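Chemist:
There are 2 protein chains.
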Amino acid sequence: MVVWFEGVDTTGKSTQINMIKNSFPNAILTKEPGGTQLGVSLRELILGQKKPLSSKSELFLFLADRAQHYEEVIYPNKNSLILSDRGFISGISYALANEIEVDLGTLFLLNRLALGGSFEGKIVFFETTTSLIKKRLQEKELDAIELRGVDYLMKVQEKMKSVLKRVELPILHIDASRNIESIAKSIEGFIK
Amino acid sequence: MVVWFEGVDTTGKSTQINMIKNSFPNAILTKEPGGTQLGVSLRELILGQKKPLSSKSELFLFLADRAQHYEEVIYPNKNSLILSDRGFISGISYALANEIEVDLGTLFLLNRLALGGSFEGKIVFFETTTSLIKKRLQEKELDAIELRGVDYLMKVQEKMKSVLKRVELPILHIDASRNIESIAKSIEGFIK
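Residue numbers (my numbering), protein chains in the order written: chain A, 1 to 192; chain B, 193 to 384.
1) Using a beta-carbon distance cut-off of less than 7 Å, what residues from the segment 54-75 of chain A approach chain B?
2) Could you give the distance in angstroms between the alpha-carbon of A/S57 and the alpha-carbon of B/E264?
3) Output yes or no for whether 7 Å exceeds the beta carbon distance between A/F190 and A/E6.
4) Less than 7 Å between C-beta atoms, sequence neighbours within five positions excluded: which residues of the same chain meet that for A/V8?
5) Do B/G313 and B/M211 have their C-beta atoms within less than 7 Å of each other?
6) Excluding the five sequence neighbours on either side, which residues of its own chain have a C-beta within less than 8 Å of the C-beta of B/I281, listed in chain order?
7) Mind checking if B/S285 is an interface residue toward chain A, Cβ cutoff 7 Å exclusive?
8) In terms of alpha-carbon separation, which member of B/L301, B/L245, B/G226 and B/L239 lies closest to A/T36?
9) Please name the residues in the segment 29-47 of chain A whose beta-carbon is closer than 8 Å to at least one beta-carbon of chain B, in chain order.
10) Between A/L42 and the rest of its own chain, which residues show a CB-CB distance below 6 Å, the 5 nearest in sequence each way excluded?
11) Below 7 Å CB to CB, which residues in the same chain sit around B/K328 once its five sequence neighbours on both sides are set aside?
12) Mind checking who B/K357 pairs with in its DSSP beta bridge?
13) Would you grab the beta carbon distance between B/Y262 and B/A306 for me? Rounded to a whole angstrom, and I think it's under 8 Å.
14) Taking just the CA atoms, how far does A/V102 sit from A/K91?
15) Which residues of chain A have a Cβ atom closer than 7 Å to the Cβ of B/L243, listed in chain order?
16) To which residues does DSSP link A/D9 through a beta bridge?
17) I'd like to know whether the C-beta atoms of A/D197 and A/S186 end up nearer to each other than 7 Å.
18) Return the first residue and the last residue of the beta strand (DSSP E) that B/K314 is part of.
19) Would you identify the three-state DSSP class for B/L364, choosing helix, strand or coil?
20) Name, going along the chain, the residues of the segment 295-311 of chain B whose beta-carbon falls closer than 9 Å to a beta-carbon of chain A.
21) Confirm the yes/no value for this check: CB of A/G149, any heavy atom of the ligand HEM, distance under 6 Å.
22) Suppose you measure from the CA of B/G204 to the CA of B/D367; what does that come to, to the nearest Å?
23) For A/L29 and A/K78, I'd like the C-alpha separation in whole angstroms.
24) Between which two residues does the alpha helix (DSSP H) holding A/T106 run?
25) On a Cα-Cα basis, can you pick out the residue from A/I100, A/Q68 and A/R148 that is closest to A/G116?
26) At what residues does the beta strand (DSSP E) containing A/L137 begin and finish?
27) Between the alpha carbons of B/S374 and B/G226, how many angstroms are there, rounded?
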């Protein structure tokens with residue numbers, strides 16, 4: 001079974017995956033994008049483009065990564081526990097936040113297609129606030145997405161919440177301001 | 193307006209584009225995949241993968257190329273004449289010939305999405321025969337796709353013909369065995 005860790009940057013997804021992995025010694029840790037060689041290559045390719053990529057081209061590249069990740073990591077390990085840092089919820093939500101001209105139904109269709117025809121697994125969703133994002137951004141180095149600013153991250157989060165309402169999988173909502181040990185316990189209970 | 197030159201390898205698409213370009217001195221010559229920097233990068237990336245790409249991942253990479261080609265080459269030049277060596281007909285037909293688990297309706301939807309929401313332009317379709325393919329393959333160096341063999345190319349051609357039946361654009365059917373000067377005249381008349 002795959003557990004998708006979703007939420008905008010600074011909400012503590014990676015921290016939690018590292019916290020709980022000791023409780024699940026056989027778990028497979030992965031991420032999107034970047035959990036396959038293709039994902040790593042695509043990241044380099046996107047950063048190396050001189051002309052800006054169209055939003056649709058970028059969408060298809062992320063879908064290619066998702067399809068390959070499904071084929072290479074998710075499907076062959078479906079009988080093990082897989083902890084994935086991001087997945088299709090991020091894929092759909094960032095596309096919406098970037099105001100791509102593709103409707104929500106089509107985005108769901110494209111992502112289902114990349115994931116073998118259906119959505120599977122459980123979702124842990126980390127929710128944050130403007131003030132918590134600001135505090136955490138000051139504490140760490142900023143990557144390209146984080147530099148787009150707090151308003152952008154809050155917009156992505158709103159999209160994630162609306163996308164989650166349409167997904168029929170078990171979802172654990174986490175208040176990202178809680179202390180990390182207490183969050184880890186909630187997640188362990190949800191997974192077991 | 194874009195004119196898509198479609199047909200399997202060895203049917204003479206590139207030869208014809210080179211023949212007629214003198215009659216249309218302002219025409220923009222392009223191709224799919226490879227008409228953009230992204231296309232060239234994707235080709236290198238695909239060839240450089242150690243693990244085989246899943247058929248869906250490959251489909252999405254070609255769609256990313258098509259979307260970028262549309263945004264960078266087709267749309268900005270829509271008031272000029274664009275001669276494109278391959279396009280969405282090849283995209284859909286090769287996916288079908290490779291027995292990808294995506295139905296024809298979805299393949300059309302994906303390609304329309306990559307092309308700004310609708311199919312535009314005219315299509316020149318080159319049709320060949322088993323014996324003509326064999327003759328021409330003996331005359332030239334084989335690339336990876338051609339090496340898959342004559343039967344494969346004939347299978348792709350059958351898919352192209354079934355796809356063309358569902359496309360509502362002007363189509364010029366060319367018998368690839370005709371002499372090249374006579375074919376060039378037919379194409380010039382169709383484009384003008």
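C-beta atoms are modelled at their ideal positions from N, C-alpha and C, and glycine is treated no differently. Computed from a predicted structure; not experimentally measured.
Modeler: Taking the definition as stated:
1) S54, K56, S57, F60, L61, L63, A64, A67, Q68, E71 and E72
2) 11 Å
3) Going by C-beta atoms, A/F190 is not nearer than 7 Å to A/E6.
4) T128, L153, V156 and Q157
5) no
6) W196, E198, I315, F317, M352, V355, L356 and V359
7) no
8) B/L245
9) Listed by position along the chain: T36, Q37, L38, S41, L42 and L45.
10) L61 and D65
11) Checking the displayed sequence, the identity of residue 328 of chain B turns out to be Arg instead of Lys. Excluding sequence neighbours, B/R328 sits near T202.
12) Its beta-bridge partners do not exist; DSSP assigns none.
13) 6 Å
14) Sequence inspection shows Gly at residue 91 of chain A; the Lys mentioned does not correspond to that position. For A/G91 and A/V102, the gap between their C-alpha atoms comes out near 13 Å.
15) Sequence check: residue 243 of chain B is Lys here, not Leu. Per Cβ cutoff of 7 Å: Q37 and E72.
16) Beta-bridge pairing links A/D9 to no other residue.
17) Only positions 1 to 192 of chain A appear in this structure, which leaves residue 197 of chain A out of reach.
18) K314 to E319
19) Note: B/L364 maps to strand in three-state DSSP.
20) T298, L301, L302, L305, A306, G308 and G309
21) Although the ligand HEM was asked about, the structure shown includes no ligands whatsoever.
22) Roughly 10 Å separates the two Cα atoms.
23) C-alpha of A/L29 to C-alpha of A/K78: approximately 13 Å in a straight line.
24) L104 to A114
25) With distances taken between Cα atoms, A/G116 lies closest to A/Q68.
26) That residue, A/L137, is in no beta strand (DSSP E); its alpha helix (DSSP H) goes T130 to E139.
27) Straight-line measurement puts the Cα of B/G226 at about 29 Å from the Cα of B/S374.
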